[in-house]
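Numbering (mature numbering (1 follows the signal peptide of the UniProt record, and there is no 0)), first residue to last: -37 to -1, 1 to 148.
A virtual CB, placed ideally from N, CA and C, is assigned to each residue, including glycine.
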Amino acid sequence: MMSDFARNLSRLSRAASVNLMGSLVVAGALLAGGAYAAPAAAQGTKIGFVNTERILRESGPAKAAQAKIESEFKRRDDDLQRAASTLRAQAEKYDKDAPVLSEGDRVKRQRDLSNSDADLQRRRREFQEDFNRRRNEEFSSIVEKANAAIKRIAEQENYDLIVQDAVTVNPRVDITDKVIQALGK
């Protein structure tokens, strides 16, 4: 009979050998990948980078869409600002008047202020949801146009790979300006 210690040691030994085999497989794959990458680099693989956030911030269509959305929502935003100012004024008046109000009037005005605040918060949430939904609608078409422009540039300039997100990028592979110019046409 094998003791518990021996069984555990045997199980750990098997797990370690499986982990070691997995590590060797990964190392082999990396070495093989490096062997394939070297000829690709020697053949001149062309890689580009696109900053999507910058396109959605700086391109002509993005600026036009942002202005359009802001003008669509300006009236509602102004209404919300006025409602917030009115509520603040009512709260300040209540704070000033509270010491001389009867208990019933104080409770009623507190309830009214609370209801007005809840209504204002609801209206702000609805506004933000509508604004975000509308912005997403507008910007999704810009993203589609940007992707089409990126594909055109990739085909015209023979790019093998274009990356949209990266931790660090050499400026010589950044083609964001070309995409912004293509969207402006």
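DSSP beta-bridge partners of residue i
{"i": "residue 137", "result": "12"}
Short Cβ contact (7 Å threshold) for residue i with residue j
{"i": "residue 113", "j": "residue 142", "result": "yes"}
{"i": "residue 43", "j": "residue 79", "result": "no"}
{"i": "residue 10", "j": "residue 136", "result": "yes"}
{"i": "residue 129", "j": "residue 12", "result": "yes"}
{"i": "residue 81", "j": "residue 18", "result": "no"}
{"i": "residue 76", "j": "residue 54", "result": "yes"}
{"i": "residue 8", "j": "residue 123", "result": "yes"}
Candidates the options: closest to residue i by CA position
{"i": "residue 28", "options": "95, 102, 43 and 18", "result": "102"}
{"i": "residue 138", "options": "130, 116 and 64", "result": "116"}
{"i": "residue 145", "options": "119, 74 and 123", "result": "119"}
{"i": "residue 38", "options": "140, 90 and 132", "result": "90"}
{"i": "residue 45", "options": "131, 86, 132 and 59", "result": "86"}
{"i": "residue 30", "options": "67, 59 and 98", "result": "98"}
Spatial neighbours of residue i in its chain, beta-carbon cut-off 6 Å, leaving aside the 5 residues before and after
{"i": "residue 72", "result": "57"}
{"i": "residue 94", "result": "36"}
{"i": "residue 147", "result": "23"}
{"i": "residue 126", "result": "12"}
{"i": "residue 132", "result": "12"}
{"i": "residue 134", "result": "none"}
Assigned secondary structure, residue i (DSSP; H/G/I helix, E/B strand, else coil)
{"i": "residue 145", "result": "helix"}
{"i": "residue 158", "result": "Lying outside -37 to 148, the shown extent of the chain, residue 158 is not represented and no answer is given."}
{"i": "residue 126", "result": "strand"}
{"i": "residue 23", "result": "helix"}
{"i": "residue 49", "result": "helix"}
{"i": "residue 70", "result": "helix"}
{"i": "residue 106", "result": "helix"}
{"i": "residue 35", "result": "helix"}
{"i": "residue 121", "result": "coil"}
Own chain partners of residue i with C-beta closer than 8 Å, once the 5 adjacent residues on each side are dropped
{"i": "residue 21", "result": "143"}
{"i": "residue 67", "result": "none"}
Spatial neighbours of residue i in its chain, beta-carbon cut-off 7 Å, leaving aside the 5 residues before and after
{"i": "residue 70", "result": "none"}
{"i": "residue 61", "result": "69"}
Any chain C beta carbon closer than 7 Å to residue i
{"i": "residue 139", "result": "Of the protein chains in the structure, only one exists, and it is not chain C."}
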